[in-house]
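K.L.:
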Amino acid sequence: MKKTNNPIVAYENIKKSFGEVEVLKGVNLNISPGEKVALIGPSGSGKTTIIRMLMTLEKPTSGFIKVEGNYLWHKEMNGGLVPATEKHLRNMRQNIGMVFQHFNLFPHMTILRNVTEAPIHVLGMPKEEAHQRAVEMLEKVGLGDKLDAYPAQLSGGQKQRVAIARAVVMQPKVMLFDEVTSALDPELVGEVLQVIKDLAKETDMAMILVTHEMDFARDVADRVVFLHNGQIEEEGAPKEIFENPKSPRLKTFLSRFLKS
Ligand code: ADP
Ligand code: MG
Numbered sequence: 464m465k466k467t468n469n470p471i472v473a474y475e476n477i478k479k480s481f482g483e484v485e486v487l488k489g490v491n492l493n494i495s496p497g498e499k500v501a502l503i504g505p506s507g508s509g510k511t512t513i514i515r516m517l518m519t520l521e522k523p524t525s526g527f528i529k530v531e532g533n534y535l536w537h538k539e540m541n542g543g544l545v546p547a548t549e550k551h552l553r554n555m556r557q558n559i560g561m562v563f564q565h566f567n568l569f570p571h572m573t574i575l576r577n578v579t580e581a582p583i584h585v586l587g588m589p590k591e592e593a594h595q596r597a598v599e600m601l602e603k604v605g606l607g608d609k610l611d612a613y614p615a616q617l618s619g620g621q622k623q624r625v626a627i628a629r630a631v632v633m634q635p636k637v638m639l640f641d642e643v644t645s646a647l648d649p650e651l652v653g654e655v656l657q658v659i660k661d662l663a664k665e666t667d668m669a670m671i672l673v674t675h676e677m678d679f680a681r682d683v684a685d686r687v688v689f690l691h692n693g694q695i696e697e698e699g700a701p702k703e704i705f706e707n708p709k710s711p712r713l714k715t716f717l718s719r720f721l722k723s
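Right under this line is the structure:
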């Protein structure tokens with residue numbers, strides 16, 4: 464039988480309003496298993512809202528999101544669709560991991576415990592196994608010598624690397640990164656982007672990366688999606704998007720990143 468390549472994530476005509484303001488105006492986006500998608504666009508264009516809906520932190524006003532073909536915000540019942548229960552959302556959420564702009568580590572826990580906490584208490588993983596995986600992940604992000612440190616003892620870049628390890632150790636099928644370097648001092652940005660690049664190369668997790676780092680987007684992404692004013696204005700291979708942008712809005716947006 465031919466292997467099908469069904470999307471791991473599908474946004475179908477997603478609209479989202481906050482009060483009177485429609486911030487997403489019908490977004491259609493399919494992500495293939497393992498695909499790395501960079502989401503770029505001006506501030507306020509709806510990037511964060513798009514990924515927060517997948518993390519179940521924000522509910523779409525209309526439209527559908529599917530994860531592995533299953534409705535995220537709905538449940539199928541008697542041939543129709545009903546709103547998802549909290550339990551359904553909780554189950555579905557286990558497929559998704561997210562790293563935020565601000566690290567929000569648990570300040571009173573060691574680095575190691577920050578990473579083992581969810582595998583043990585959410586997944587019910589045996590402590591030994593969680594410990595072993597957490598150490599492996601922390602070594603991978605270059606923090607093998609910080610297991611017993613507390614977040615306050617780390618630099619911003621190190622904290623963000625812990626946050627990445629903490630999300631990845633849950634083995635989600637999709638990882639979301641929301642401008643994870645924009646709160647960092649400039650000299651710490653590189654180490655975090657490098658960790659994500661390495662991770663992207665070796666993992667078969669799909670990734671959606673919201674970023675203002677265009678060189679990084681070009682390096683890491685299989686596809687770049689340009690969001691403008693709540694709609695996908697243009698998308699394509701990094702080479703196409705950065706070397707041969709079609710939409711005037713994308714051209715204008717990219718020109719702001721050109722070094723003078
Ligand atoms: P981006 O991440 O691209 O900067 P966002 O998704 O954060 O954009 O925001 C898109 C628009 O939605 C913005 O105009 C923002 O002010 C608005 N918005 C986002 N979240 C909320 C909220 N919880 N309540 C009201 N407005 C919001
Ligand atoms: Mg944002």
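Each residue of the sequence shown is one higher than the one before, starting from 464 at the first, in the working numbering.
By construction, the Cβ of each residue, glycine as well, lies at the ideal position given by its N, Cα and C atoms.
1) Taking 8 angstroms as the cut-off, decide whether the C-beta atoms of Q436 and V643 are in contact.
2) With 16 other CB atoms within 10 Å as the buried threshold, where does T715 fall?
3) If you measure between the beta carbons of G420 and A630, is that distance less than 8 angstroms?
4) In the DSSP output, what is L639 paired with across the bridge?
5) Between E676 and the ligand MG, is there a pair consisting of the residue's CB and a ligand heavy atom that are separated by less than 7 angstroms?
6) Helix, strand or coil: which one does DSSP assign to A435?
7) Can we say the segment 687-707 touches the segment 499-514, given the rule of at least three CB pairs closer than 8 angstroms?
8) Helix, strand or coil, according to DSSP, for Q634 in the structure here?
9) Would P635 pass as a contact of M600 if the rule is Cβ separation under 8 angstroms?
10) Just to confirm, does S525 get its C-beta within under 7 angstroms of one of the non-hydrogen atoms of the ligand ADP?
11) Would you say I671 and I471 are within 8 angstroms of each other, going by their C-beta atoms?
12) Compute the Euclidean distance between the alpha carbons of F481 and K510, then round it to the nearest angstrom.
13) Exposed or buried, what is A615 when buried is set at 16 or more other beta-carbons lying within 10 Å of its beta-carbon?
14) Say the cut is 7 angstroms; is the CB of K728 nearer than that to a heavy atom of the ligand MG?
15) Identify, in the order they occur along the chain, each residue of the same chain with its Cβ nearer than 7 angstroms to the Cβ of F720, setting aside the five sequence neighbours on each side.
16) For K465, which residues from the same chain have a beta carbon less than 6 angstroms from its beta carbon, with the 5 sequence-adjacent residues on both sides left out?
17) Around the C-beta of D641, are 16 or more other C-beta atoms found within 10 angstroms, so that it is buried, or is it exposed?
18) Taking the straight line between their C-alpha atoms, what separation do you get for K478 and M555?
P.N.:
Based on what the coordinates show:
1) The chain is shown only over 464 to 723; residue 436 falls outside these bounds and no answer can be derived.
2) With fewer than 16 other Cβ atoms within 10 Å, it is exposed.
3) What is shown of the chain runs 464 to 723, which leaves residue 420 out entirely.
4) Its beta-bridge partners are M561, I671.
5) Outside the cutoff, so no.
6) Lying outside 464 to 723, the shown extent of the chain, residue 435 is not represented and no answer is given.
7) Judged by Cβ distances under 8 angstroms, the segment 687-707 makes contact with the segment 499-514, as three or more pairs qualify.
8) Three-state DSSP puts Q634 in coil, outside helix and strand.
9) Going by C-beta atoms, P635 is not nearer than 8 angstroms to M600.
10) Distances between the C-beta of S525 and the heavy atoms of the ligand ADP are all 7 angstroms or more.
11) Note that the C-beta distance between I671 and I471 is not below 8 angstroms.
12) For F481 and K510, the distance between alpha carbons rounds to 14 angstroms.
13) Residue environment analysis places A615 among the exposed positions, since fewer than 16 neighbouring C-beta atoms fall within 10 angstroms of its C-beta.
14) Within the shown structure, residues of the chain are numbered from 464 to 723, placing residue 728 beyond reach of any answer.
15) Apart from the 5 residues on each side of it in sequence, F720 sits with its Cβ closer than 7 angstroms to the Cβ of M677 in its chain, given in chain order.
16) Because K465 sits at a pLDDT of 49, beneath the cut-off of 50, its placement in the model cannot be relied upon, and the following sentence gives the value as read from the coordinates. Spatial neighbours of K465 in its own chain (CB-CB distance under 6 angstroms, excluding positions within 5 residues in sequence) are not present.
17) D641 comes out buried.
18) Rounded to whole angstroms, K478 to M555 spans 20 angstroms at the Cα level.
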